[in-house]
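Mapping of the sequence shown onto the working numbering: position 338 corresponds to residue 338, and the numbering continues sequentially without gaps.
C-beta: ideal position from N, C-alpha, C; glycine also.
If you're wondering where the values come from, they're calculated on a predicted model, not measured in any experiment.
Presented below is the structure to which this report refers.
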Amino acid sequence: MKKEMGRAGKLALAMCLAGTMMMGGCGKSADALEGTVTAGDTKAAEGTKEAESTDKGYKVLIGCSNRAQSFYAWLADACVQEINANYPDITCEIYDLKGDSTNVPTMVELAETGGYNGIIVDQVDETDYSDLYEAARENGIYTVMTNDSREPNGIVTLIGLNNYGLGHTVGEAAAEKLPKNARLLVIPGPGDVCALDRRDGFFDALKEAGREDVTILAEQNSIDWQKENGMSVMEDWTQKYGESDFDAVYCSNDDLAVGCIEVCAAAGYDTQKLQFYGIDGLANGCNAVKNGTMTVTVLQNCNDQAKTAAECIYNMMTGKDTECKKILLDPEVITSDNVDEIIAMHEANGMLK
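Given below as structure tokens:
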């Protein structure tokens, strides 16, 4: 019979794993912020321990899902900017999880050994690390999870936008803009919970609007959320479908959609005539809306998530409000009518130069 491991045993195992992982090679990513701790970076980890001598009262470790992907980098950077601008008694650093959920134990162990008081993390996937976060909380380290809309479990505060709602919002816009009898190509994303929720929301919005005339010509998952993977799928489709064979492309994020736009343009398709739909309101998506190639995207505002996360972690660390809760933010549709103000936001936060 398999014996269930208790919470203390799980924590010990996770800490052992973390210690093993921290013995890996070092070296920061070239585009990382100064002070960023990358997974396996022992030199960076040592640097965080030196920061304990700071005059500031609190230390927060910001777990970035993957700095190589634009949305996750924006969210982590926005947290740093919000804290630096409005919380002078907090010192913060980014820990890059590098798209690998197994780096979470290392991050938590670093928070404990580095004298941190709080963690703001955009976790890579749905893996349940409640035991680790609960043990950290018992040791005085509070956790806020961004880009997450699961139900609270009394251990962490969750902040994000409902992925089904994001897909539904862009689906409502598509229901109004798609031509009659539209033929649609769909890249839901990598097939994880986030991607499937967005896909389902999009399709349900079309159905609720009475758009049974829309035909799903083809649907294919991508490897992950990066632009190159959208390009790979679209390159295959351009070998099968000519410009006149489809009317629109829906992708569950902007990077994938922009990849599709670039492939269609290279193939000589009229990207002003075809419709492209994305989600997240990233800088590249906004540029595509501005130049008329992206029809609609929906903003998942990292600045709002960062503002809310910083306020929550500060209130928890200071004892003002230690309740664990779920906070859902509202999406905003981006079209040619309002894209300039979103572009101005990206220019202000450094995502567009």
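Residues of the same chain with a CB within less than 7 Å of the CB of residue 271, apart from the 5 flanking positions on each side, are 261, 264, 265 and 293 in chain order. Per DSSP, reduced to three states, the secondary structure at residue 220 is coil, with no helix or strand assignment. Residue 141 is a Cβ neighbour of residue 111, given a cutoff of 8 Å. The beta carbon of residue 206 sits closer than 6 Å to the beta carbons of 171, 175 and 214 from its chain, once the five residues preceding and following it are set aside; these are given in chain order. For residue 335, the secondary structure class from DSSP, reduced to helix, strand or coil, is coil. Residues of the same chain with a CB within less than 7 Å of the CB of residue 197, apart from the 5 flanking positions on each side, are 163, 164 and 167 in chain order. Rounded to the nearest angstrom, the gap between the Cα atoms of residue 85 and residue 199 is 36 Å. Only residues of its own chain outside the window of five on either side were considered, and among them 144 and 157 have a CB closer than 6 Å to the CB of residue 312, listed in chain order.
Under the 10 Å beta carbon count, residue 331 is surrounded by 16 or more other beta carbons and is classified as buried.
Listed in chain order, the beta strand (DSSP E) elements of length 3 or more contained wholly in the region 50–85 are 58–64. For the pair of segments examined, the region 111–129 was found to touch the region 60–80: the number of CB pairs separated by less than 8 Å reaches three. For residue 211, no beta strand (DSSP E) segment is defined, and its DSSP state is neither H nor E. A straight-line Cα-Cα distance of about 11 Å links residue 249 and residue 220. Less than 8 Å divides the Cβ of residue 329 from the Cβ of residue 305. Annotation: residue 296 is outside any alpha helix (DSSP H) and is labelled neither H nor E by DSSP. Distance from the Cα of residue 106 is smallest, within the candidate group 90, 92, 283 and 129, for 129. With a minimum length of 4 residues, the unbroken runs of alpha helix (DSSP H) contained wholly in the region 99–185 fall at 104–113, 130–138 and 163–177.
Relative to the Cα of residue 108, the nearest Cα in the group 137, 350 and 269 belongs to 137.
Considering only 83, 74, 98 and 135, the residue with the shortest C-alpha distance to residue 92 is 83.
The residues 179, 182 and 183, in chain order, have a CB closer than 6 Å to that of residue 247 in the same chain once the five nearest residues on each side in sequence are set aside. Closest in alpha carbon position to residue 185, among 154, 256 and 147, is 256. Using a Cβ distance threshold of 8 Å, residue 254 and residue 223 do not count as a contacting pair. Close CB contacts of residue 307 within its chain, under the 7 Å cut and outside five residues either way in sequence, are with 82 (chain order). Distances from the alpha-carbon of residue 192 to those of 127, 211 and 340 put 127 closest. With a cutoff of 8 Å on beta-carbon distance, residue 327 and residue 298 are scored as not near each other.
In the displayed model, residue 280 falls within a strand according to three-state DSSP. Contact between residue 189 and residue 225 is confirmed by a C-beta separation of about 6 Å, below the 8 Å threshold. DSSP places residue 328 within a strand segment (E or B) once states are collapsed to three.
Excluding sequence positions up to five before and after residue 286, its CB lies within less than 6 Å of the CB of 339, 342 and 343, all in the same chain and listed in chain order. Beta-bridge partners of residue 251 (DSSP): 187.
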